[in-house]
Structures are given as C-alpha cells and as structure tokens.
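Have a look at the structure below before the remarks.
2 protein chains.
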Amino acid sequence: MPQNPIGTPATPATPGAPSTPGPDEAAPALTREALAQAALRVLERDGLAGLSMRKVAAEVGVKAASLYWHVRNKQELLDLLTDAVMGSAEPPPREGDWREQFHAYCWRYRRLLLDNRDAAKVVAGRLAPGPNLLGLMEDQLDRLRAAGFSDADAAMANYLLGAFVQGFVLQEQSPISASEVLGTSRRDIADAAGDLFRALPVETFPNLVDLADDLTEPTMDARFDFGVQRILDGLAALLPPAG
Amino acid sequence: MPQNPIGTPATPATPGAPSTPGPDEAAPALTREALAQAALRVLERDGLAGLSMRKVAAEVGVKAASLYWHVRNKQELLDLLTDAVMGSAEPPPREGDWREQFHAYCWRYRRLLLDNRDAAKVVAGRLAPGPNLLGLMEDQLDRLRAAGFSDADAAMANYLLGAFVQGFVLQEQSPISASEVLGTSRRDIADAAGDLFRALPVETFPNLVDLADDLTEPTMDARFDFGVQRILDGLAALLPPAG
DNA sequence: CATGAGCCCCTAACAGTGTTAGGGAGTGGC
DNA sequence: GCCACTCCCTAACACTGTTAGGGGCTCATG
Numbered sequence: 022m023p024q025n026p027i028g029t030p031a032t033p034a035t036p037g038a039p040s041t042p043g044p045d046e047a048a049p050a051l052t053r054e055a056l057a058q059a060a061l062r063v064l065e066r067d068g069l070a071g072l073s074m075r076k077v078a079a080e081v082g083v084k085a086a087s088l089y090w091h092v093r094n095k096q097e098l099l100d101l102l103t104d105a106v107m108g109s110a111e112p113p114p115r116e117g118d119w120r121e122q123f124h125a126y127c128w129r130y131r132r133l134l135l136d137n138r139d140a141a142k143v144v145a146g147r148l149a150p151g152p153n154l155l156g157l158m159e160d161q162l163d164r165l166r167a168a169g170f171s172d173a174d175a176a177m178a179n180y181l182l183g184a185f186v187q188g189f190v191l192q193e194q195s196p197i198s199a200s201e202v203l204g205t206s207r208r209d210i211a212d213a214a215g216d217l218f219r220a221l222p223v224e225t226f227p228n229l230v231d232l233a234d235d236l237t238e239p240t241m242d243a244r245f246d247f248g249v250q251r252i253l254d255g256l257a258a259l260l261p262p263a264g
Numbered sequence: 022m023p024q025n026p027i028g029t030p031a032t033p034a035t036p037g038a039p040s041t042p043g044p045d046e047a048a049p050a051l052t053r054e055a056l057a058q059a060a061l062r063v064l065e066r067d068g069l070a071g072l073s074m075r076k077v078a079a080e081v082g083v084k085a086a087s088l089y090w091h092v093r094n095k096q097e098l099l100d101l102l103t104d105a106v107m108g109s110a111e112p113p114p115r116e117g118d119w120r121e122q123f124h125a126y127c128w129r130y131r132r133l134l135l136d137n138r139d140a141a142k143v144v145a146g147r148l149a150p151g152p153n154l155l156g157l158m159e160d161q162l163d164r165l166r167a168a169g170f171s172d173a174d175a176a177m178a179n180y181l182l183g184a185f186v187q188g189f190v191l192q193e194q195s196p197i198s199a200s201e202v203l204g205t206s207r208r209d210i211a212d213a214a215g216d217l218f219r220a221l222p223v224e225t226f227p228n229l230v231d232l233a234d235d236l237t238e239p240t241m242d243a244r245f246d247f248g249v250q251r252i253l254d255g256l257a258a259l260l261p262p263a264g
C-alpha cells in the first residue's frame, strides 16, 4: 500500500514551521513544500499546460512515480501550488478608509495573479483552500466589519471581491485578450478588434460599429479599475449613512 | 497540403443561412456547424476534460484525422462550440427600466453557462468571438445607451457585466464549490466548510470562526444576486440625476 | 546479529491525448 | 485520358496521469 496517509506529510501540518527539518542536513529532503516550490518553477517556465508530473519530478531530481508517495495526485500538487502562490500575497497597509484599503486589496490581488504565470487558472481550479488563503480571508473580514458592514454583508462582500478579481483576470488572460499563441502584441490585438468592429455591417451592428473605439481603446487596467469602483460604490450604499 | 484555407468552409461564412446545402440531400454532409453540434453533444456527455478529437470524430462517424480537414485544430473547434452555445441565448424582453433588464440579462447569461455543461470554461478559453456573441454585445450596448449611459461608460459596463457573470460562474464551478468528483452534495460541502471554519484556532482566525455561518450559509444564487445588485448600484451612480 | 517494518524511489506498463505525413478513393472539368 | 480537388483513411510521434510491483535503505526490536 504505497500511499501517503492523509494527514501525515513529511513535515507536520503546522505551516509556520521552517521547512528544513534539521540544522545539519544539506539535502533538501523532498518535502511537500519543496514539491510546491519545484512546481512553481515549472509553472513559471512552461505554464499550466506544460506542467506535468514528469517535469516536476525532474525538477527535484526524481522520477514521476515517486511524486505519488508525497502527493495523492496531480490535483493535490496543484492545491499546494495554489497556497504557495497565496503565500506571497501581502495585505495592503491599514491606512485610510475602507474604500482605499479594498481598492488596494483588489489591485494587489490582481497583480499577484498576473505576476505569477497562469496563477489565475491554478487558483480557479483549486480543490481545497490552504492556510495562506484563510489568512487573507480573515484579514478582509476584519476590515469589513471594522468599516461597519453587517456580518452577512461582510461575508458576501468578501466573496464578491475575490470572485470578481479572480474572474476578471481569468477573462483577461483568456486567449482572445492575451493571445500568447500568436506573435501579435496587445496593441495589435486592440487595433485588429477595432478593425473587426468597424468592418461589421452597419445595419445589423450599428452600436458595435459606432462604439468600436470605446470598446477597444480602454486598457485592461482601466477596465479593471472601472469594475472595482462600481463594486465599491455598490458596497458603500449598504453602509448606514455615515455619522 | 491537406489544409482548409482560412475563409472557405463547406458552408459560406453567412451564419444565418440554413446549414443543409440542398433540399434533396439526406446525408448531413459534415459541415463545420455539424461538427460544432457533435462537439456540443460530446461536451454534454463527457465534459470538457473528456472532449477529445477522437470522440467528436466518432460522433459524426469519422476518424480523428479527418476533422483537420474542416478545422485547423482543436481550439478552432472549441471556438465553433462556443458560438453554438451562445446561439441558444436569448435576450430578456425590453420591458421595465434598464436595471430590471440587465438584472435579467445577468441571470439569463448565468443560467446559460450553468445549463450547458462546462460552458463557462469553454467560453473563457475561446480564441475569437463568433457572430452570436457579437449580436448579444450589440443588443446590450443599445440598451445601455438608451438608458442614458455615455458611450465610454456603455462600453465599459458591457465588458464589466460579461466579465463578472463569466468569472462568477467559473469560480462557482471550480472544484471546491462544485466538487463533482466526490459524491458529496452541495449541502454537505457547505456543512463541511462550516465545520472547517469553526474548527480553526480562534486566536488567529477569530472572524472566520465567528462568521462561519455567514460564510457558508448563502447559496450561490444569493451570492450571485448580491454581486449583480452591487454592480447595478454602482452603474446607476454613473447616470446623470434622473429627471 | 538477524529480522521485520516503514520509508522512499525505481522500472514498466496502460490507456489515452493532439497532431502530422502520406496515401487513396471518388468526382467533375478539360 | 488526365488533372485537380475534396474528403477521408492508416500509422505514427511524443506526450500525458496513474498504478502495480519491486528493491534498496534505515531503524527499532527480538
């Protein structure tokens, strides 16, 4: 029965403990954390589509089948990877009003997803939340309650903001926007889209033709900020009139 | 050079034309539209992960390599599939104010993505927008301008609403929420998540423990409606004071 | 010292994937 | 008759996640 029992990895479940088991050992000792870091390197190099068990195994100097001793399957490795990404997130400073803080929160989260290659897809496909994600939720809920939101609204707002940022980046990185396949840059894409809209038959698509520029000009940053501002406006309307 | 040139499928590019080329032909004649319908059936049966070129080929009574005569690669087939899904969307009636209309729009779009298996993932991975999606954008832009939004705001709002619904459903169907892998129902998931939150150490996660019920109780429908209402509130604030 | 248990990695294999090269029928026009 | 075109085929390549079974290696126990 060569299977790792559920709750007994090489290092215990306490996430704050240092991953090196002893001070004298030079070998990295192949822990689950080391696997996650190796997977992170492969992800950065080859993307999610190129992340295979064999490559991660090679990254730690081992054959693919050996990974199944430390990890139940690929999904569990991706879960570890997700929390490793989340671990590099740091909440914004607790200055200014709640609007400024959550505006910064959304931007930082988006930056995190954009800076780590394919992070949005990995996070969207996760199976179980890790301790780092739980820490972020805890921090957000604390600020929302401090801002005066009810318990129910704070919980809903927390989910809404996470879902929005994550969904936006997923959309943003879908092939039509990112188009890493072709050699075309983002500027060319916008121009091509504009031409596409303008070339449509005016009688059936009058608005698309007319708004071609407005539809294609805005950068992703501008679209994201627009969305964040609308949501924050909507949330602000839930608060009792300030006094 | 057994490759289909770019703009010359078996049926011409006009999407409104009937797909049967002649009135007397009984054989379906394997058009790109027929391929898309076959792919849709495979998707419904086996999901996106189980949708392979070989299965789609078998669905139309052909071997896998033959598909590459009609389609450049799998991605192009998925693009056709995406627009086939979009073709079954119908905009809500043009009654009531813009808020009611777009509330209905968001709900219908979400229903569409939920009813067609893995539709959100397919749509999120699309490479090029099809005519059906363009028609929906056209309709939305027309209503937004009629409601009094500026050109720039209408374009931004159109993108925001699409990105939100799509991102929300993607999040909603990620394994942690949907969990079709295990036999556990959605109710059990919520209970398990509640237990997970309550079992956390109170000193480091006081809010998660305290709000365990608020975090796990709301249905996906409620969370979605919360988000839609906040965004519509935020958009309403952009309009000039009604008079 | 010998034995056994547990840990950790290995080879080999299975059933599948997207995609391409090359070939071979069938049809219509010159 | 012959050519070009359309459409489908077989065979193969280089992959993928995952499992079965085995073999050393270390440690505690008899």
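Residue numbers (our numbering), protein chains in the order written: chain X, 22 to 264; chain G, 22 to 264. For glycine and all other residues, C-beta sits at the position ideal for the given N, C-alpha and C.
So the alpha helix (DSSP H) residue i belongs to, where does it begin and stop?
| i | result |
| --- | --- |
| L3 (chain G) | In this structure chain G extends from 22 to 264, so residue 3 (chain G) is not present and cannot be described. |
| F123 (chain G) | 119-136 |
| A301 (chain G) | Here chain G covers residues 22 to 264 and nothing more, so residue 301 (chain G) does not appear. |
| E159 (chain G) | 152-167 |
| A86 (chain G) | 85-91 |
| E97 (chain X) | 95-107 |
| E80 (chain X) | 74-80 |
Answer with yes or no whether the minimum CB distance from residue i to chain X is below 8 angstroms.
| i | result |
| --- | --- |
| Q122 (chain G) | no |
| N228 (chain G) | yes |
| Y180 (chain G) | yes |
| L260 (chain G) | no |
| G215 (chain G) | no |
| A175 (chain G) | yes |
| G151 (chain G) | no |
| G68 (chain G) | no |
| P112 (chain G) | no |
| F247 (chain G) | yes |
| G108 (chain G) | no |
Within 8 angstroms of any Cβ in chain G, is that where the Cβ of residue i sits?
| i | result |
| --- | --- |
| D60 (chain X) | In the sequence as displayed, the identity of residue 60 (chain X) is Ala instead of Asp. Answer no: the Cβ-Cβ gap between A60 (chain X) and chain G never drops below 8 angstroms. |
| S195 (chain X) | yes |
| D118 (chain X) | no |
| R132 (chain X) | no |
| E159 (chain X) | yes |
| L236 (chain X) | yes |
| D45 (chain X) | Only weak support exists for where D45 (chain X) lies, its pLDDT of 33 falling under 50; the value from the coordinates is given anyway. No, no contact with chain G. |
| A184 (chain X) | yes |
Nearest-angstrom Cα distance between residue i and residue j?
| i | j | result |
| --- | --- | --- |
| D160 (chain X) | D67 (chain G) | 40 angstroms |
| L221 (chain X) | G188 (chain X) | 29 angstroms |
| F185 (chain G) | Q192 (chain X) | 9 angstroms |
| G204 (chain G) | R62 (chain G) | Because G204 (chain G) carries a pLDDT of 43, less than 50, the predicted location of this residue cannot be relied on, and no value is offered for it. |
| Y126 (chain X) | K95 (chain X) | 30 angstroms |
| L260 (chain X) | A167 (chain X) | 12 angstroms |
| L182 (chain G) | R53 (chain G) | 30 angstroms |
| L253 (chain G) | V81 (chain G) | 44 angstroms |
| Q84 (chain G) | E65 (chain G) | Just to set this straight, residue 84 (chain G) is Lys in the shown sequence, not Gln. Cα to Cα, the separation comes out at about 20 angstroms. |
| A55 (chain X) | V77 (chain X) | 10 angstroms |
| L162 (chain G) | R219 (chain X) | 15 angstroms |
| A31 (chain G) | L51 (chain G) | Residue confidence is low: A31 (chain G) scores 34 on pLDDT, short of 50, so the model does not pin down where it sits. No coordinate-derived value is stated. |
| Q58 (chain X) | Q194 (chain X) | 23 angstroms |
| A60 (chain X) | L133 (chain X) | 17 angstroms |
| R15 (chain X) | Q122 (chain X) | Residue 15 (chain X) lies beyond the residue range present for chain X, which begins at 22 and ends at 264; the question has no answer from this structure. |
| P113 (chain G) | D242 (chain G) | 19 angstroms |
| D246 (chain X) | V190 (chain G) | 21 angstroms |
Could you check which residue in the options has the C-alpha nearest to that of residue i?
| i | options | result |
| --- | --- | --- |
| Y130 (chain G) | G:A141, G:R244, G:E121 | G:A141 |
| G151 (chain X) | X:E97, X:G169, X:A213, X:L232 | X:E97 |
| R164 (chain G) | X:G156, X:A178, X:P227, X:N179 | X:P227 |
| G248 (chain X) | G:V144, G:V92, G:Q58, G:A258 | G:A258 |
| Q11 (chain G) | X:S195, X:A233, X:M177 | Nothing can be reported for residue 11 (chain G), as the shown portion of chain G is limited to 22 through 264. |
| G146 (chain G) | G:S87, G:L69, G:P262 | G:L69 |
| L229 (chain X) | G:S87, G:Y180, G:M158 | G:M158 |
| A110 (chain G) | G:M241, G:L135, G:L99 | G:L135 |
| A233 (chain X) | X:W128, X:L155, X:V223 | X:V223 |
| R93 (chain X) | X:V106, X:A79, X:M74 | X:M74 |
| D118 (chain X) | X:R132, X:G169, X:A79 | X:G169 |
| D174 (chain X) | G:A173, G:T237, G:A213, G:L155 | G:T237 |
| L102 (chain X) | X:D139, X:A79, X:Y89 | X:D139 |
| Y180 (chain X) | G:D231, G:N179, G:T240 | G:T240 |
| L155 (chain X) | X:H124, X:P262, X:D104 | X:D104 |
| N153 (chain G) | G:H124, G:W128, G:S171, G:V106 | G:V106 |
Say yes only if the C-beta of residue i is nearer than 7 angstroms to one or more non-hydrogen atoms of the ligand COA, and no if none qualify.
| i | result |
| --- | --- |
| D104 (chain G) | Ligands in the displayed structure: none, and consequently the ligand COA is not present. |
| task | Entirely within the stretch 172-257 of chain G and at least 4 residues each: give me those alpha helix (DSSP H) ranges in chain order. | result | 172-193, 196-199, 207-219, 227-231, 233-237, 241-257
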